[in-house]
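Visitor: Reminder that position 68 of the sequence shown reads as 72 in our numbering, one-by-one numbering, no gaps.
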Amino acid sequence: MKENVIPTVPFFKFLANANKIVKNPLPFHHKNFEEKGDTFRLKLGAKNSVIFSRNPEFARYTLQKNQRNYTKSKIQTKDLSKYVGKGLLTAEGELWKKQRRLIQPAFHKKQLEQLLDTVLEVIREEIVHIVPNASIDIFSILNDLAFQAVAKALFKSEIDASFINRLQHITEAAQQMLVKELRQPFKALYFKYGGAIKKHINLTVEAREILKKLVDQRRESGDRPGDLLDMLLDARYEDGTAMEESQLLDEILILFVAGHETTSNALTFTLQLLAKHPDIQEKVYKEYAFAKANTTSSLDFIKSCEYTKLVIEESMRLYPPAYFIDRVNLEEDMFDGVTIPKESNLLFSVIEIHKHKDFWEDPEVFNPDRFANNAGMKHKAYFPFGAGPRMCIGNNFAMYEMVLAITEIVKHYKIKKKETPIEIKPLITLKPHKAILEFIPR
Ligand code: HEM
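1) Bridge partners for T43 per DSSP, in chain order?
2) Is it true that the CB of L93 sits closer than 8 angstroms to the CB of A326?
3) Can L431 and V135 be called in contact, C-beta distance under 8 angstroms?
4) Exposed or buried, what is K24 when buried is set at 16 or more other beta-carbons lying within 10 Å of its beta-carbon?
5) Is the Cβ-Cβ distance between L441 and Y323 less than 8 angstroms?
6) Could you compute how far the alpha carbon of A2 sits from the alpha carbon of L314?
7) Take R292 and list the residues in its own chain whose beta-carbon comes closer than 8 angstroms to its own, dropping the five residues that flank it on each side.
8) From Y65 to G392, what distance separates their C-alpha atoms?
9) Does the count of Cβ pairs from the region 239-254 and the region 369-389 closer than 8 angstroms reach three?
10) Rounded to the nearest angstrom, what separates R45 and Q80 at their Cα positions?
11) Find out if the Cβ-Cβ distance for the pair G447, F111 is shorter than 8 angstroms.
12) Say yes only if the C-beta of G97 is nearer than 7 angstroms to one or more non-hydrogen atoms of the ligand HEM, and no if none qualify.
13) Just mark M5 as buried or exposed, buried being the case when its beta carbon has 16 or more other beta carbons within 10 Å.
14) Going by DSSP, what residue range makes up the beta strand (DSSP E) through E249?
15) Quick one: measure Cβ to Cβ for P425 and N269, integer angstroms, because I've assumed they're closer than 8 angstroms.
16) Smallest Cα separation from I205: which of A177, M395, S166?
17) Output needed for I214: all residues of its chain with C-beta closer than 7 angstroms, excluding positions within five of it in sequence on either side, in chain order.
18) Under three-state DSSP, which class holds I432?
19) If you draw a straight line from the alpha carbon of K359 to that of I444, how long is it in whole angstroms?
20) Excluding the 5 residues flanking N147 on each side, which residues of the same chain have their C-beta closer than 6 angstroms to its C-beta?
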């Protein structure tokens with residue numbers, strides 16, 4: 005007979021492993037999945053608990069099929085929004101729907117085409133920072149690259165580099181503060197009354213002032229460079245009105261936060277995997293050379309780099325930057341005979357789904373060919389960009405940017421790595437740790 009209760013991992017097990025969990029919770033999650041099955045409840049105290057799941061059908065049920073009954077967790081809606089405000093990533097209900105409808109067209113493939121040459125220019129400017137023939141940690145260069153890519157996609161016309169650097173500093177500082185709050189909840193009062201939270205909220209006020217200056221400059225100059233800012237300024241709600249300025253500034257901050265760290269993580273892991281697999285790296289190089297010789301526009305070039313796309317998809321399977329997706333159910337629900345009590349905290353482990361033996365052959369093996377024939381985004385156990393109506397709005401932007409960045413780097417360099425395992429740092433996103441690589445000029 006089918007079990008209709010979720011197996012429980014008791015609180016003492018959490019306590020006994022607390023030190024290890026703070027550093028890296030993934031082995032603890034994995035052990036519990038192996039012992040308890042694809043869905044288990046972890047007790048975090050007398051009343052608190054989280055339901056962990058690596059069941060892809062359950063994930064699709066909550067994110068897509070019955071998504072109306074599920075909201076995002078407090079982390080995204082409250083903790084993050086005190087820094088970046090209420091917008092696409094952090095809003096719920098009617099506000100989210102209204103914003104998504106308004107902003108979605110700016111991210112259509114056709115619109116993105118206009119931004120590709122700008123993104124390529126950013127990539128070329130950033131990769132000059134790669135020091136050839138030396139061991140370097142590539143993450144910081146790719147992190148700057150991904151930030152600049154979003155910045156220039158938004159503000160194509162020349163803007164003061166000091167503004168952009170300050171914005172980058174602020175968004176990264178606010179994200180780090182949020183990580184501290186989440187990892188050390190026992191210090192909540194210290195963060196609040198010691199002034200750390202206030203200091204970071206003030207920084208985001210400064211970021212909005214910078215953004216306001218940039219928006220004002222655009223309005224006054226009458227320039228129309230055809231960038232994302234133009235599209236956001238031109239966008240109209242169904243009643244014909246435009247976005248309020250404070251909403252616009254929040255959405256811009258959110259695009260910076262959502263769009264840069266995820267992409268730099270994925271780029272870094274992909275380069276590490278290419279360094280470990282020289283044969284696959286050569287295939288990417290050959291594909292680049294062929295595509296370069298046979299296409300004239302950036303979009304056609306990207307479309308010709310089909311194998312590179314598979315490489316990136318496979319890299320995000322093994323190292324998904326958004327390694328978990330969380331939801332809370334508004335009303336009691338039932339999935340597969342199991343009751344989900346009202347207001348349960350659900351945490352879908354994307355990384356566990358992506359390596360689940362029932363859905364993937366040799367899940368630990370890096371094999372881009374498994375995604376051939378457009379199998380990637382259609383695979384039922386593949387969620388790098390989420391699923392359903394709240395799926396990543398920047399997924400095409402990210403894929404285009406990553407294909408351009410990977411091919412541009414492989415065009416100039418052979419990437420090498422000492423024989424050490426790829427290390428991870430699971431924070432809000434899955435970050436690489438010590439991505440030391442060597443870049444040998446071709
Ligand atoms: C490899 C890069 C990226 C990954 C892996 C990624 C992943 C994700 C995931 C999994 C979600 C859904 C979260 C949830 O349902 O709780 C999401 C949402 C979102 N992403 Fe991305 N993302 C990436 C790049 C980008 C870029 C480049 C942008 C913008 C320039 C962006 C903007 C957003 C926004 C605004 C949302 C919220 C959408 C909504 O709720 O309507 N992302 N992303």
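We put the beta carbon where it would ideally sit given N, CA and C, even for glycine. None of the values given here were measured: they were computed from a predicted structure.
Guide: Reading from the atomic positions:
1) Within the sequence shown, numbered from 1, the residue matching residue 43 stands at position 39. According to DSSP, which records beta bridges pairwise, T43 is partnered with S57.
2) In the sequence shown, residue 326 corresponds to position 322, counting from 1. In the sequence shown, residue 93 corresponds to position 89, counting from 1. No, the pair does not count as a contact, with Cβ atoms beyond the cut-off.
3) Within the sequence shown, the letter at position 427 stands for residue 431. Within the sequence shown, the letter at position 131 stands for residue 135. Contact flag unset, no.
4) In the sequence shown, residue 24 corresponds to position 20, counting from 1. By the 10 Å Cβ count, K24 comes out exposed.
5) Start at 1 with the first residue of the sequence shown, and residue 441 comes out as number 437. Start at 1 with the first residue of the sequence shown, and residue 323 comes out as number 319. Cβ distance not < 8 angstroms, so L441 and Y323 don't count as in contact.
6) Residue 2 lies beyond the range of the chain shown here (5 to 446); nothing can be said about it.
7) Within the sequence shown, the letter at position 288 stands for residue 292. In the sequence under discussion, the amino acid at residue 292 is Tyr, which differs from the Arg named in the question. Only C309, T312, T411, V414, K415 meet the Cβ criterion.
8) For the purposes of this step, residue 65 is taken as residue 61 along the sequence shown, with counting starting at 1. For the purposes of this step, residue 392 is taken as residue 388 along the sequence shown, with counting starting at 1. About 9 angstroms.
9) no
10) Here residue 45 refers to the residue found at position 41 of the sequence shown. Here residue 80 refers to the residue found at position 76 of the sequence shown. Taking the straight line from one Cα to the other gives about 21 angstroms.
11) The structure shown does not extend to residue 447, since the chain spans only 5 to 446, so no value can be given for it.
12) Along the sequence shown, one-based indexing puts residue 97 at 93. Not so, every heavy atom of the ligand HEM lies at least 7 angstroms from the Cβ.
13) Walking along the sequence shown from the start, residue 5 turns up at place 1. Unreliable positioning characterises M5 in this predicted model, as indicated by a pLDDT of 41, which lies under 50. The coordinate reading is nonetheless provided below. The residue is exposed, with fewer than 16 neighbouring Cβ atoms inside 10 Å.
14) In the sequence shown, counting from the first residue as 1, residue 249 sits at position 245. Unbroken run through E249 is the alpha helix (DSSP H), 249-280; no beta strand (DSSP E).
15) If you number the sequence shown from 1, residue 425 lands on position 421. If you number the sequence shown from 1, residue 269 lands on position 265. So it is not a contact: roughly 17 angstroms between Cβ atoms.
16) As a first step, residue 205 is located in the sequence shown; it is residue number 201 there, counting from the start. Comparing alpha-carbon positions, the option among A177, M395, S166 lying closest to I205 turns out to be A177.
17) Taking the sequence shown and counting its residues from 1, one reaches residue 214 at position 210. Around I214: F167, R170, L171.
18) Taking the sequence shown and counting its residues from 1, one reaches residue 432 at position 428. The answer is coil: DSSP assigns I432 none of H, G, I, E or B.
19) Looking up residue 359 in the sequence shown gives position 355. Looking up residue 444 in the sequence shown gives position 440. If you take the alpha carbons of K359 and I444, they lie about 32 angstroms apart.
20) The residue labelled residue 147 in the question sits at position 143 within the sequence shown. S268, listed in sequence order.
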